[in-house]
Amino acid sequence: MPLRGMPVDPSAAENPSLAVKIDNHPAARPQIGLERADLVFEELVEGGLTRYAALWHSDVPESVGPVRSIRPMDPEILGSFGGIVAYSGGQPQFVDQMKAAPLLNVSFDDDSEGLFVRADDRDSPHDVVLAAAETVALHSDLAPPPRQFDYADSAAEATAALAGDPTTGIVTRFSESNGRAWAWDPAAPAYLRSQDGAADLDTAGAQLRATNVVVLRVEVDRGSDVPRTILSGSGEAWVSTSGSTMPVTWFKDAAAAPIRLADADGATVELAPGNTWIELVPADDGSVELVL
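Per our numbering, the very first residue in the sequence shown carries number -12; after that it's consecutive.
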């Protein structure tokens, strides 16, 4: 499976990936279907808050949400996946940039297919929900995503598991007002997620988890009211797998190019098969702490 490095039903493998902008305001939690995403990018938005660009391919839920608006960095984050991108709208210039990217755009502001609804049990604007499985089925003619990261054959053979240093957790801060933490649970085995000092839960009450946690230090353009993460070029990063973390360098040559992770010798880093969260931590006032 190109976004998990795992075998999957061949019929599902032929479907396009679905990228959705997901709300992470406290009023939007718990999110719907986030625990089933293959990849989740966390990005800084206004007010020190974050949002997610989440991708589903191997396991598409009936519904996902809450869906929010597009941001200027999303074409760069999502341009390498192709397939579908869904969002609730956005400033016209950001929507135009997203529509110029090589993805089919599905927007709440232009929902001719009736794929979005407002959930009765959530307050606006944190209530827009997408019929995810139906969206993919309607556009099953689109190509599946290319592979993004490299994967080992097993968690034990992942590069960080072999060459990293033992760590019990990763703490990231995107701004002064918010913190994220991942704690390694060998019984799971997975990294369990917390936000602002509390367990981050899905709609069933289970703590969100990841097989791999990848932290990228990124530049942020703050020249307007909307911060823009710059996900091109290269920078400092860390890969955490199986309770071990190693420093790496990330590379992304163009919006349509996948992220490459390399060790100190320039060799490609292999993740463990499974889901991955990618934390895009600002290089200027964000922080990364490894817990031993």
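Quick reminder that beta carbons are idealized off the backbone N, C-alpha and C, glycines included.
Please list, in chain order, all residues of the same chain as G77 whose beta carbon is under 6 Å from its beta carbon, the five residues on each side excluded.
Closer than 6 Å at the Cβ level, and outside the excluded window around G77, lie S56 and I57.
Distance between A88 and P62 (C-alpha atoms, nearest Å)
Between P62 and A88, the alpha-carbon positions lie close to 6 Å from each other.
In whole angstroms, what separates the C-alpha of A241 from that of Q135?
Cα atoms of A241 and Q135: separation of roughly 13 Å, rounded to the nearest angstrom.
Is there contact here, the segment 137 to 152 with the segment 252 to 268, by at least three beta-carbon pairs under 8 Å?
Contact holds: three or more Cβ-Cβ distances are below 8 Å.
Could you name each continuous beta strand (DSSP E) segment of 3 residues or more that falls completely within the segment 232 to 272, going from the start of the chain to the end?
Counting only runs of 3 or more, we get 247 to 249 and 263 to 269.
Output the boundary residues of the alpha helix (DSSP H) element that contains D83.
Segment P79 to K86, the alpha helix (DSSP H) holding D83.
Quick check: what's the CA-CA separation for D97 versus E49?
Rounded to the nearest whole angstrom, the CA to CA distance from D97 to E49 is 20 Å.
Based on Cα-Cα distance, which residue from A175, L179 and V104 lies nearest to A168?
Cα-wise, what sits closest to A168 is L179.
Assign S(-2) to one of three DSSP states: helix, strand, or coil.
The answer is helix: DSSP assigns S(-2) an H, G or I state.
On a Cα-Cα basis, can you pick out the residue from G151, I19 and L90 that is closest to L279?
Among G151, I19 and L90, the Cα nearest to that of L279 belongs to G151.
DSSP three-state label for A(-9), please.
Note that residue -9 is Arg in the sequence shown, not Ala. DSSP places R(-9) in coil when its eight states are reduced to three.
With 16 other Cβ atoms within 10 Å as the buried cut-off, status of S67
Buried, by the Cβ-count rule.
Residue range of the beta strand (DSSP E) that E223 falls in?
Looking at the DSSP string, the run of the beta strand (DSSP E) that includes E223 is G220 to T228.
Is the segment 187 to 199 close to the segment 10 to 24, with three or more CB pairs under 8 Å?
Yes, they touch.
Classify R38 as buried or exposed, calling it buried when 16 or more other Cβ atoms lie within 10 Å of its own Cβ.
Here R38 is buried: its Cβ has 16 or more other Cβ atoms, across all protein chains shown, within 10 Å.
Three-state class that DSSP yields for F68 in the structure shown
It is coil, neither helix nor strand.
Cβ separation of G222 and L203, assumed to be a contact under 8 Å, to the nearest whole Å
About 6 Å; that satisfies the 8 Å criterion.
Can you tell me whether DSSP reads T198 as helix, strand or coil?
In this structure, T198 counts as coil in the three-state DSSP scheme.
What number of angstroms, rounded off, separates the C-alpha of S211 from the C-alpha of G34?
Using only the alpha carbons, I get a separation of about 12 Å.
Out of G52, S4, V82 and G69, state which residue places its alpha-carbon closest to the alpha-carbon of H44.
It is S4 whose Cα lies nearest to the Cα of H44.
Contact check, D271 vs V207, beta carbons under 8 Å:
Contact flag set, yes.
Element boundaries [alpha helix (DSSP H), containing T146]
For T146, the uninterrupted alpha helix (DSSP H) segment begins and ends at T146 to A150.
From A268 to R109, what does the alpha carbon distance come to, in whole angstroms?
Checking the sequence, you will find Val at residue 268 rather than Ala. Between V268 and R109, the C-alpha separation is close to 29 Å.
Of the choices G273, T216 and P(-3), whose alpha-carbon is the least far from that of R160?
Minimum Cα distance to R160 is reached at G273.
Any beta carbon of chain B sitting closer than 8 Å to that of A259?
Protein chains in the displayed structure number just one, and chain B is not present.
Please name the residue or residues paired with R38 in a DSSP beta bridge.
Answer by DSSP bridge pairing, in chain order: E30.
Three-state class that DSSP yields for V213 in the structure shown:
Note: V213 maps to coil in three-state DSSP.
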